Amino acid sequence: MSNKSQTNSQTQMPSLPTSVSAKKIAINNTHDFTTTTDIKHWIKETAQSLGFADCGFLSVHHPLFVKQTEQLRQWLAKGYQAQLQFMHSNHHLRAHPEQLVEGAKTIISVRMDYLTQTPTPRTVTDNDYPNQGIIARYARGRDYHKTMRSRLKQLALKIEAMLPEWRHLDIGADTDFIFRPFSDSAPIFERPIADAAGLGWTGKHTLLINKQAGSFFVLGELFMSLELPDDEPVKEHCGSCSACIDICPTQAIVAPYELNASACISYLTIEHDGVIDEKYRRAIGNRIFGCDDCQLICPWNRYANLTPVEDFAPRHRLDSSSLLELWQWQEAEFMKKTEGSPLRRTGYVNFLRNIAIGLGNATVNQENIEALQAKLGLHNTMLDEHIDWAVAEQRHKLDILLINN
Ligand code: B12
Ligand code: SF4
Ligand code: SF4
């Protein structure tokens, strides 16, 4: 897709996030662009000035796409995708990303850190607060999809403005500039692209890890018509470690680099619609939206960086709310408080379903039982079934407590 009609005017460019960024770019504009390396260097610095931690470059014709499509088919054949229907579609576009954006030659793969607090290294402390509703760290603020895509567009506009200075190099700077930003928004192998473009290696939990920054970052891509050479992948550094596999509460990492999504708490609490199989409910604990355990335990996350991007700042105390507080949210409140937030994805009743499971797993307390029962019959039988289970779990713990005293 050509975005040229939207991008001709410099005056349409969104303002830079910081004055430091503007200064950096001004300095860089004095560069001599004698090789493609100079251009890549400029793009990298500009990406960083826009809040991206790093970027790498990869051709749309890289052999990984066909290979990865075959691996995806094998993954689907095992049924790991559960209700993730979109994983079945558009395999031809996954295998041939040049068809996704006609005229695109290069993918700029970017990563953006999202931590707003440094977690205790190599420990899952979330379990220490059983009455708190744990929301995955990426999801506590503004939806990253929007943040990523709007900043990728800013990056594209800055690149477009530089094209006159790059015309002497044979990279297509003298033709119409075509670009399109993505972040988890199209049939694209985002993690394998970032891996091949040198942003990190794929850990045994299947997420990308960077030696200097751990794995608490999200990925995005800018497809564009400039032709720039590929970056090189980095060496993997998991070695003999298997901490992520061992810690996974639902044993969803069935083998190194192989995730059964249907068992992953992230899938169950965010993507899965309807009844959550009883066999997973105790293991889900107090995680009510997503799961960070395999990352929290990973030794490389002692190097995880805090984000410079304000959008990730927790909203509505989503980093510290109790299960009971969240349980009291009415639907209108849920809709209001999750505007522009990833939490919207799960929907109100599934959100309550997740909290019900959390309350079943919470510290035994008469108040939990009463709060759970107060919502019986208010929504649907699916939720009622989880409430009944949670009340039975609370009562079971109460019985044990009474026997022991
Ligand atoms: C579907 C999906 C999910 C599913 C399935 C995850 C999965 N691992 O497949 C669910 C809902 C469970 C999920 C959960 C999460 N997700 Co998700 N998810 C995606 C999505 C949309 C597609 C991933 C995909 O293609 N999976 C299909 C399988 C087939 O691909 P695969 O994992 O790459 O598996 C292959 C390799 O392992 C390879 N392989 C086999 N053997 C070997 C050996 C070696 C050495 C190597 C290198 C590879 C390899 O073969 C496998 C089969 O093809 C991407 C966005 C995107 N468009 O790419 C985000 C994405 C992967 N998710 C992301 C995040 C942040 C998460 C969560 C951390 C969110 C949370 N906190 O709850 C969890 C983490 C769970 C986990 N351990 O992976 C980020 C990852 C960022 C990063 N640092 O890597 C992405 C890239 C989104 C983004 N734009 O940032 N996710
Ligand atoms: S996100 Fe949680 S449930 Fe999913 S693989 Fe990682 S530790 Fe397991
Ligand atoms: S916990 Fe260990 S095996 Fe898992 S991704 Fe991190 S380094 Fe690799």
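Under UniProt numbering, the first residue of the sequence shown carries the number 1, and numbering increases by one thereafter.
All C-beta atoms in this analysis are idealised placements derived from N, C-alpha and C, irrespective of residue type, glycine included.
Quick caveat: nothing in here was measured; it's all calculated off a predicted structure.
query                                                                                                   : result
Phe65 vs Ala95 beta-carbon contact at 8 Å                                                               : yes
Where the beta strand (DSSP E) containing Arg180 begins and where it ends                               : 179 to 182
The segment 62 to 79 touching the segment 198 to 206, judged by at least three CB pairs closer than 8 Å : no
Cross-strand partners of Thr202 (DSSP beta bridge)                                                      : Leu208
Helix, strand or coil at Thr116 according to DSSP, with G and I counted as helix                        : coil
Cβ-heavy atom distance, Ile135 to ligand 2, below 7 Å                                                   : no
The beta strand (DSSP E) enclosing Ile253, as first and last residue numbers                            : 253 to 255
Alpha helix (DSSP H) runs wholly inside the segment 64 to 113, at least 4 long, in chain order          : 64 to 77, 91 to 95
CA-to-CA distance, Leu402 to Cys244, given in whole angstroms                                           : 37 Å
Cβ-based burial, Tyr279 [other Cβ within 10 Å; buried from 16]                                          : In the sequence under discussion, the amino acid at residue 279 is Lys, which differs from the Tyr named in the question. With fewer than 16 Cβ atoms within 10 Å of its Cβ, Lys279 is classed as exposed.
DSSP state of Val309 mapped onto helix, strand, coil                                                    : coil
Beta-bridge pairing of Ser59 - partner residues as DSSP gives them                                      : Thr106
Segment limits, alpha helix (DSSP H) that includes Ile288                                               : Per DSSP, Ile288 belongs to no alpha helix (DSSP H); it is in the beta strand (DSSP E), 287 to 289.
heavy atom of ligand 3 below 7 Å from Lys204 C-beta                                                     : yes
Rounded C-alpha distance that separates Ile270 from Ala139                                              : 11 Å
As assigned by DSSP and simplified to three states, the class of Gly214                                 : strand
Given Met335 as reference, the closest of Val349, Glu325, Thr46 once Cα atoms are compared              : Val349
Cβ pair residue 444, Cys294 closer than 8 Å                                                             : What the structure shows of the chain is the stretch from 1 to 405, and residue 444 is not part of that stretch, so it cannot be assessed.
Three CB pairs or more closer than 8 Å across the segment 252 to 262 and the segment 208 to 215         : no
Cβ-heavy atom distance, Ser215 to ligand 2, below 7 Å                                                   : no
Paired residues, beta bridge with Phe223 - DSSP                                                         : Ile107, Arg180
Rounded straight-line distance, which links the Cα of Leu163 to that of Asp113                          : 29 Å
Environment of Glu310 [buried if 16+ CB atoms lie within 10 Å]                                          : exposed
DSSP-derived helix/strand/coil call for Ile400                                                          : helix
Limits of the alpha helix (DSSP H) - the one that Val349 falls within                                   : 348 to 361
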